[in-house]
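Trainee: Under the working numbering, the residue at position 159 of the first sequence is numbered 152, and the numbers go up by one with no gaps.
The beta-carbon is built from N, C-alpha and C at its ideal position, and this holds for glycine as well.
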Amino acid sequence: MAQLTSRREDYSKWYNEIIIKANLAETSNVRGCMIIKPYGFAIWEKIQNILNKKFKNTGHDNIYFPLFIPKSLFSKEACHIDGFSQECAVVTHYRLKKKDNNIIIDPEAKLEEELIVRPTSETIIWHTYRRWIKSYRDLPILINQWANIIRWEMHTRLFLRTSECLWQEGHTAHTNKKEAVCEAKQMLNIYTNFIENYMAIPVIQGVKTAIERFAGAEETYCIEAIMQNGKALQIGTSHFLGQNFSKAFNVKFTNNKGYQEYVWGTSWGISTRLIGALIMIHSDDKGLVLPPKLAPIQTVIIPIFKNEEQLKRITKIVSNIKNILKENNISVFYDDRNIYTPGWKFNEYELKGVPIRINIGIKDLEKGMVEIVRRDNLNKQFVNYNYIGKIIPELLTIIQKNLFKKALERRNNFITKVDDYNEFKKILNEKGGFILAHWDGTSETEKKIKLDTKTTIRCIPLKKSKEKGKCIYSGKPSNQRVFFAKAY
RNA sequence: CGGGGUGUAGCGUAGUCCGGUUAUCGCGCCUGGUUUGGGACCAGGAAAUCGUAGGUUCAAAUCCUACCACCCCGACCA
């Protein structure tokens, strides 16, 4: 198998090759849509399982709404239309027919009202909330759905941006502002906790500026990460919707004093984009590197043998090792195929990012040892196989921590404080990453910087370091630094 | 959606300008054998409606038209 393109050579190519060669996903012949393969989908399932538990632990129930949204419903919230109308797939007909040996759309089967394929479900959900919510006793409503959405993106990239994407969207309704804001922040914290502790990706929490805010939200909370090439990626959002959707869909409740009030809302989501971030953050020129908590296979065992008899002897020991690992809830795959050489397998599992590889040959067998190789730093050590039940779990924990530590160091190196606009441009071009700079708080300045440098304000950090300064562009006074970066 | 490029076996390609036998080579795949501690070797074999649909021609991978998909650069965006 050919060598992987290195990150330095061509970062985009490296990224695409990892996805294809590690068997995560492939492009389909549908524009911008990908086929997620078993190994890639297994990662998504892990993400789903862990987050699903966290959502349920905080009182959320799963539901399912239709894929289609009638056009009239979709058009009710003005900002929302502005934000999404440019990228909607629309169903206009419901029947095909044969004509001259071709299949054509039956012109007689035109829909009375067109259906929008959901780019997100706020509209249909708030339309439904109108029926569900009458009294303060009906609130809060805390629901989530795992679904697919369609956004007709101009420029797609496997996992990072696809026309169809799998995600989770939470939609909650509350009696008051405080509770809704609390919910939005709570979900941002759940995402942060998951992404840092399971995906081993350090993030920055913040709020979006008015320009970058979700269409229809009052406040968009977000988490941002920086990739190895210095580009930023938004990897999760949580929106405080205020009363925008309740007003657009006329969703009111009677409060405990008998008065009518509009409902307060939130929505929040993460998508298969997380897998894109996972690949970009940890992987190296040998291939994928997966954090143990999300790896579909945590350990792989490679036997090294010269004949059937030797393989039998190794397999006998391996079956013990497999049992020990299973008792410790560690997933294990024993690759005893003899069509590939050990060397081929070493490369294969490094490409696939399996956190720990265990090599067992006849030489080791005689010494009662196995060789353990870490994927994160490729270090090797020999271990007596009586200690495997102790060492492997410890090592997985260490790898998990080490991946986060490495990512954190890289992230911190990518944060540069800048106070001069020329310096700002210089850092952007030479180093990339996040730039912490003062901003006067106006959309006008934000737009000008974007036009000039293709850089956006990724977020206004939640952890406020109150510091007076002057806007990097306009020189006007500023109370806080914000994160600028070029983004995916 | 604007500018540029690409599409030939699962992947990477030669051939396309200048139409002419059976479409080239490598990897992969299948069979048999020898191998097996960092991507093994030998021998044999299978696999292509040349992106799709029309057109020009005695003849199209090659020329023309339309469409589709992908890649790069912009604009849009999770």
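Measuring only the C-alpha atoms, how far is residue 7 from residue -3?
Mentor: Taking the first residue of the first sequence as 1, we reach residue 7 at position 14. Taking the first residue of the first sequence as 1, we reach residue -3 at position 4. Straight-line Cα distance between these residues: approximately 7 Å.
Trainee: Mind checking whether residue 350 and residue 366 have CB atoms under 7 Å apart?
Mentor: For the purposes of this step, residue 350 is taken as residue 357 along the first sequence, with counting starting at 1. For the purposes of this step, residue 366 is taken as residue 373 along the first sequence, with counting starting at 1. Result yes, Cβ atoms of residue 350 and residue 366 sit closer than 7 Å.
Trainee: Rounded to whole angstroms, how far is the Cβ of residue 346 from the Cβ of residue 282, which I believe are closer than 8 Å?
Mentor: Start at 1 with the first residue of the first sequence, and residue 346 comes out as number 353. Start at 1 with the first residue of the first sequence, and residue 282 comes out as number 289. Between residue 282 and residue 346 the Cβ distance is about 5 Å, and since that is below 8 Å, they are a contact.
Trainee: Comparing alpha-carbon positions, which option in 203, 259, 421, 191 lies nearest residue 53?
Mentor: In the first sequence, residue 53 corresponds to position 60, counting from 1. Residue 53 has its Cα closest to that of 259, out of 203, 259, 421, 191.
Trainee: Who does residue 24 pair with in a DSSP beta bridge?
Mentor: Here residue 24 corresponds to residue number 31 of the first sequence, with the count starting at 1. Note: residue 24 sits in no beta bridge, so no partner.
Trainee: At which residues does the alpha helix (DSSP H) containing residue 336 begin and terminate?
Mentor: Counted from its first residue, the first sequence places residue 336 at position 343. Residues 335 to 344.
Trainee: Would you please state the rounded distance, in angstroms, between the beta carbons of residue 412 and residue 465? I believe it to be under 8 Å.
Mentor: Taking the first sequence and counting its residues from 1, one reaches residue 412 at position 419. Taking the first sequence and counting its residues from 1, one reaches residue 465 at position 472. At roughly 7 Å, the Cβ-Cβ gap stays under 8 Å, so residue 412 and residue 465 are in contact.
Trainee: Buried or exposed: which applies to residue 470, given that a residue is buried once 16 or more other Cβ atoms fall within 10 Å of its Cβ?
Mentor: Within the first sequence, residue 470 is the residue found at index 477, counting from 1. With fewer than 16 Cβ atoms within 10 Å of its Cβ, residue 470 is classed as exposed.
Trainee: If you draw a straight line from the C-alpha of residue 274 to the C-alpha of residue 50, how long is it?
Mentor: Taking the first sequence and counting its residues from 1, one reaches residue 274 at position 281. Taking the first sequence and counting its residues from 1, one reaches residue 50 at position 57. When rounded, the separation of the alpha-carbon atoms in residue 274 and residue 50 is 29 Å.
Trainee: Exposed or buried, residue 117, counting other C-beta atoms within 10 Å across all chains shown (16 or more means buried)?
Mentor: Your numbering for residue 117 matches position 124 in the first sequence. Burial call: buried.
Trainee: Mapping DSSP to helix, strand and coil, what is residue 71?
Mentor: Translated into positions along the first sequence, residue 71 becomes position 78. DSSP places residue 71 in helix when its eight states are reduced to three.
Trainee: For residue 436, which of helix, strand or coil comes out of DSSP?
Mentor: Mapped onto the first sequence, residue 436 falls at position 443. Look at residue 436 here: in three-state DSSP terms it is helix.
Trainee: Pick helix, strand or coil for residue 160, following the three-state DSSP scheme.
Mentor: Here residue 160 refers to the residue found at position 167 when the first sequence is read from its first residue. Residue 160 falls in the strand class under three-state DSSP.
Trainee: Output yes or no for whether 7 Å exceeds the beta carbon distance between residue 15 and residue 336.
Mentor: As a position in the first sequence, residue 15 is number 22, starting the count at 1. As a position in the first sequence, residue 336 is number 343, starting the count at 1. No, the Cβ-Cβ distance between residue 15 and residue 336 is not below 7 Å.
Trainee: Short check: CB of residue 57 to CB of residue 138, under 7 Å?
Mentor: Mapped onto the first sequence, residue 57 falls at position 64. Mapped onto the first sequence, residue 138 falls at position 145. Taking 7 Å as the Cβ cut-off, residue 57 and residue 138 qualify as a contacting pair.
Trainee: With a threshold of 16 other CB atoms inside 10 Å of the CB of residue 143, please say whether the residue is buried or exposed.
Mentor: Position 150 of the first sequence holds residue 143. Residue 143 comes out buried.
Trainee: From what residue to what residue does the alpha helix (DSSP H) around residue 190 run?
Mentor: Your numbering for residue 190 matches position 197 in the first sequence. Counting along the chain, the alpha helix (DSSP H) containing residue 190 begins and ends at 170 to 190.
Trainee: Could you tell me if residue 284 is buried or exposed, where buried requires 16 or more neighbouring beta carbons within 10 angstroms of its beta carbon?
Mentor: Taking the first sequence and counting its residues from 1, the one referred to as residue 284 is at position 291. With 16 or more other Cβ atoms within 10 Å, it is buried.
Trainee: Please list the terminal residues of the continuous alpha helix (DSSP H) segment that includes residue 391.
Mentor: Counting from one through the first sequence, the residue named residue 391 turns up at place 398. 381 to 406 is the span of the alpha helix (DSSP H), which, as asked, contains residue 391.
Trainee: In whole angstroms, what is the alpha-carbon distance linking residue 98 and residue 60?
Mentor: Translated into the one-based positions of the first sequence, residue 98 becomes position 105. Translated into the one-based positions of the first sequence, residue 60 becomes position 67. Their Cα atoms are separated by approximately 21 Å.
Trainee: Tell me where the alpha helix (DSSP H) around residue 32 begins and ends.
Mentor: For the purposes of this step, residue 32 is taken as the residue at position 39 of the first sequence. For residue 32, the enclosing alpha helix (DSSP H) covers residues 31 to 50.
Trainee: Select from 386, 121, 268 the residue whose C-alpha is nearest the C-alpha of residue 153.
Mentor: For this step, residue 153 is matched to residue 160 along the first sequence. Residue 268 is the option with its Cα nearest to residue 153.
Trainee: Count the other C-beta atoms from every protein chain shown that fall within 10 angstroms of the C-beta of residue 195, then say buried if there are 16 or more, exposed otherwise.
Mentor: As a working mapping, residue 195 is identified with position 202 in the first sequence. Its Cβ being crowded by 16 or more others within 10 Å, residue 195 is buried.
Trainee: In this structure, what does DSSP give as the bridge partners for residue 475?
Mentor: As a first step, residue 475 is located in the first sequence; it is residue number 482 there, counting from the start. 430, per the DSSP bridge assignment.
Trainee: Would you mind giving the Cβ-Cβ distance between residue 381 and residue 348, rounded to the nearest angstrom? I have them listed as a contact below 8 Å.
Mentor: Along the first sequence, one-based indexing puts residue 381 at 388. Along the first sequence, one-based indexing puts residue 348 at 355. Not confirmed; about 15 Å, so no contact.
Trainee: Check whether the segment 214 to 231 and the segment 419 to 439 touch, using three or more Cβ-Cβ pairs below 8 Å as the test.
Mentor: yes
Trainee: Consult DSSP for residue 150 and reduce its assignment to one of helix, strand or coil.
Mentor: As a position in the first sequence, residue 150 is number 157, starting the count at 1. The answer is strand: DSSP assigns residue 150 an E or B state.
Trainee: Hey, quick one: how far does the alpha helix (DSSP H) through residue 244 stretch, first residue to last?
Mentor: As a first step, residue 244 must be located in the first sequence, where it is residue number 251. That residue, residue 244, is in no alpha helix (DSSP H); it is neither H nor E in DSSP.
Trainee: To the nearest angstrom, how far is it from the Cα of residue 483 to the Cα of residue 247?
Mentor: The shown model of the chain, from -6 to 481, leaves out residue 483, and the question about it has no answer.
Trainee: Assuming the contact rule is C-beta atoms closer than 8 Å, residue 472 and residue 461 should be a hit. Round their C-beta distance to whole Å, please.
Mentor: Counted from its first residue, the first sequence places residue 472 at position 479. Counted from its first residue, the first sequence places residue 461 at position 468. Confirmed, Cβ separation roughly 6 Å.
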